[in-house]
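If you number the sequence shown the way numbering that gives the first Met the number 0 does, the last residue is 483 and the count never jumps.
Glycine included, every Cβ here is placed at the ideal spot set by N, Cα and C.
The model shown is predicted, which means the values in this text are computed figures rather than measured ones.
So the structure is just underneath, and the comments pick up after that.
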Amino acid sequence: MTFKRLLGIMLSLMLIAISWVGLAQLKIGLVVRSMSHEGVPMVFMAPKAVRHRPGILIAHGFAGSKQLMFGYGYTLAHNGYGVLLLDFDGHGANAAPLDKGNLQNNFKTALAVLKRQPEIDPDKIGILGHSMGSRVVMVGGIEQAKAISAVVAISPTDAPVNPTKPQNLQLQAGEWEGKFVRQSAKLLQRAGGANPNTENGEGRSRIIVPQSEHILVLFKDRSHQAALKWFNSVFHQTSKESDYRDRRMAWYSLHLLSWLLLLAMVSPSIVRNLSRPSVRPRPLRSWLGLGIVPFSTAGIIYVMSLRTPLSNMGGMLVGGALGLWLFIAGLTWIGIISRFPKPTLKSMGYGLLLFGVLWMGFGAMAQETWLEWWLNSNRLKLWPVLACACFPWFLASGIVQLDTSIGKRILWWFAQSLSLTAGLIVTLILVPDLSFLALITPIIPIVLAILSFAAAQIKEAWSYAIASALFFGWTIASVFPLAV
0 MTFKRLLGIM LSLMLIAISW VGLAQLKIGL VVRSMSHEGV PMVFMAPKAV RHRPGILIAH
60 GFAGSKQLMF GYGYTLAHNG YGVLLLDFDG HGANAAPLDK GNLQNNFKTA LAVLKRQPEI
120 DPDKIGILGH SMGSRVVMVG GIEQAKAISA VVAISPTDAP VNPTKPQNLQ LQAGEWEGKF
180 VRQSAKLLQR AGGANPNTEN GEGRSRIIVP QSEHILVLFK DRSHQAALKW FNSVFHQTSK
240 ESDYRDRRMA WYSLHLLSWL LLLAMVSPSI VRNLSRPSVR PRPLRSWLGL GIVPFSTAGI
300 IYVMSLRTPL SNMGGMLVGG ALGLWLFIAG LTWIGIISRF PKPTLKSMGY GLLLFGVLWM
360 GFGAMAQETW LEWWLNSNRL KLWPVLACAC FPWFLASGIV QLDTSIGKRI LWWFAQSLSL
420 TAGLIVTLIL VPDLSFLALI TPIIPIVLAI LSFAAAQIKE AWSYAIASAL FFGWTIASVF
480 PLAV
């Protein structure tokens with residue numbers, strides 16, 4: 000090992016440590032408690048050594064989790080509020096399958112727990128929700144209008160709001176999520192129009208968060224601060240305690256990049272122990288397959304959907320259908336390529352090692368920042384099936400990238416991102432039950448970029464395919480809601 004690579008390894012390990020230390024700073028001055036009641040996992044956070052503070056209950060959206068809403072949690076807690084975040088049925092650490100009819104019961108359970116916390120004044124309660132959670136909090140605010148003083152609905156869906164219920168309603172939407180921008184305008188009109196006066200409970204506000212869509216809005220300081228300002232107005236808080244700004248994703252990004260740097264530094268020692276590929280892909284077949292397969296797969300999925308519902312396939316909402324899509328597309332692409340190298344025990348072993356690096360780099364800190372990465376038993380059972388479903392696609396992807404230059408790998412990354420995104424969009428147009436896939440398509444290029452970087456380091460199709468399939472299957476298992 001050269002001195003340059005040894006220095007790179009030391010640097011990457013140092014940056015990983017720094018990222019964890021930086022993330023730990025977020026909790027300084029706070030009490031943070033994890034708990035579960037009636038099967039609902041929750042996290043409570045509040046300033047240390049305080050009593051009788053306003054309490055805020057935070058509800059995530061479809062395929063979200065309490066971690067995804069940490070930006071609001073930390074911002075409010077550092078500014079004097081007690082905050083409780085929950086996982087709805089089927090989401091995050093909640094092992095129960097999603098039952099939309101039970102979401103309000105989850106909400107009521109969490110609300111009762113929030114009021115019992117010693118730091119909280121039970122007469123000063125606000126609630127905040129995103130997307131699916133926005134309806135839950137708006138309905139909850141209407142049903143318990145006297146007990147809930149303020150409601151913030153982000154990317155709001157529909158709810159029977161009116162000029163007096165719920166009390167003090169703020170609506171937020173990202174500039175780039177047109178459907179929710181329009182919906183927020185309708186809700187504001189139905190609720191009586193804008194009104195900055197929160198003294199009588201009839202305050203109304205609408206915020207359009209610049210340069211953000213359905214997921215990105217949750218990471219925007221503009222959204223966090225707008226919610227804080229609204230609650231401050233209702234509860235007469237001054238927020239002099241902290242100038243906190245949410246920077247947890249900066250530490251997460253540093254952590255991820257440091258692990259990728261570590262991979263780049265150690266991979267030369269791995270690559271020299273792997274045999275050179277004896278099979279070369281045919282460029283015309285490779286490109287033809289990538290261009291045709293996503294759209295033919297969309298057609299196959301459509302035909303299948305006419306015979307059987309796919310949205311809750313395999314015990315997971317939408318996620319099972321995504322796995323099926325990748326399985327069909329991958330097998331078809333491999334068939335078009337019509338040649339692939341033989342696996343070896345060494346290549347499979349290095350695939351498992353690469354999966355470990357990806358798991359740590361992408362997921363270890365995600366658990367503390369934006370994603371419930373640890374799989375509960377019900378999700379863990381689905382992981383091997385999802386990984387097997389993803390495997391053909393990533394094997395084909397690994398084959399076509401064998402012995403290619405950096406420039407060609409970038410081209411393949413771009414082409415795969417475009418092809419996958421287009422194919423999934425066509426699929427959801429044909430099968431509206433899978434429409435949630437539209438919300439995750441912006442993330443696909445990011446995940447593929449991480450995997451393409453890994454492929455560039457290992458340069459072996461089977462190692463790449465095994466690692467990518469295990470990683471992508473784990474990601475699907477962690478994100479999508481459990482179904483009956």
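- With a minimum length of 4 residues, the unbroken runs of alpha helix (DSSP H) contained wholly in the segment 170–245 fall at 177–189 and 220–234.
- The way I'd put it, the segment 213–228 doesn't touch the segment 184–199; fewer than three beta-carbon pairs between them come closer than 8 Å.
- Apart from sequence neighbours up to five positions away, the residues of its chain that approach residue 398 with a beta-carbon distance below 7 Å are 280, 336, 339 and 460, ordered along the chain.
- In terms of CA proximity to residue 89, 378 leads the group 128, 378 and 207.
- Boundaries of the alpha helix (DSSP H) harbouring residue 254: 247–270, taken from the DSSP string.
- Just so you know, the alpha carbons of residue 313 and residue 6 end up roughly 46 Å apart.
- In terms of CA proximity to residue 424, 441 leads the group 125, 441, 396 and 411.
- The DSSP-derived three-state label of residue 282 is helix.
- Annotated three-state conformation of residue 136 is helix, per DSSP.
- Per DSSP, the unbroken beta strand (DSSP E) holding residue 31 starts and ends at 29–36.
- In this structure, DSSP gives residue 478 a helical state, which the three-state scheme calls helix.
- Going by C-alpha positions, residue 116 is about 45 Å away from residue 262.
- Residue 126 and residue 55 do touch by the CB rule: their CB atoms are close to 7 Å apart, below 8 Å.
- Residue 306 counts as exposed, since fewer than 16 other C-beta atoms from the protein chains shown sit within 10 angstroms of its C-beta.
- The beta-carbon separation of residue 289 and residue 415, rounded to 7 Å, stays under the 8 Å limit for a contact.
- Following the DSSP letters along the chain, one finds residue 40 inside the beta strand (DSSP E) bounded by residues 39–46.
- In the DSSP assignment, residue 384 falls outside any beta strand (DSSP E) and within the unbroken alpha helix (DSSP H) covering 376–399.
- Secondary structure at residue 4: helix, using DSSP grouped into helix, strand and coil.
- The alpha-carbon separation between residue 475 and residue 3 amounts to approximately 37 Å.
- At a Cβ-Cβ threshold of 8 Å, residue 36 and residue 132 do not count as neighbours.
- A check of alpha carbon separations from residue 171 across 137, 201 and 164 identifies 137 as the nearest.
- Going by DSSP, residue 147 is part of no beta strand (DSSP E) at all; its letter is neither H nor E.
- DSSP places residue 306 in the helix class (H, G or I) of the three-state scheme.
- DSSP assignment within the segment 444–476 yields no whole beta strand (DSSP E) run of 3 residues or more.
- Residue 162 carries a coil assignment under DSSP once its states are collapsed to helix, strand and coil.
- The beta-bridge partner set that DSSP reports for residue 52 consists of 119.
- Take residue 367, set aside five residues on each side of it, and the residues of its chain with a beta-carbon closer than 7 Å to its own are 22, in chain order.
- With respect to residue 403, residue 412 sits apart: the two C-beta atoms are not nearer than 8 Å.
- The beta-carbon separation of residue 287 and residue 67, rounded to 39 Å, does not stay under the 8 Å limit for a contact.
- Around residue 293, the same chain offers 328, 418, 419, 421 and 422 as residues with beta carbons nearer than 7 Å, after the five sequence neighbours per side are excluded.
- Taking the CA atoms as reference points, residue 342 sits about 19 Å from residue 326.
- Burial state of residue 252 is exposed, judged by a 10 Å Cβ sphere holding fewer than 16 other Cβ atoms.
- Along the length of the segment 310–347, whole alpha helix (DSSP H) runs at least 4 residues long occupy 318–336, reported in chain order.
- A residue is called buried once 16 or more other Cβ atoms fall within 10 Å of its Cβ, and residue 192, having fewer, is exposed.
- Following the DSSP letters along the chain, one finds residue 425 in no beta strand (DSSP E) but inside the alpha helix (DSSP H) bounded by residues 405–429.
- Assigned with DSSP and collapsed to three states, residue 92 falls in coil, not helix or strand.
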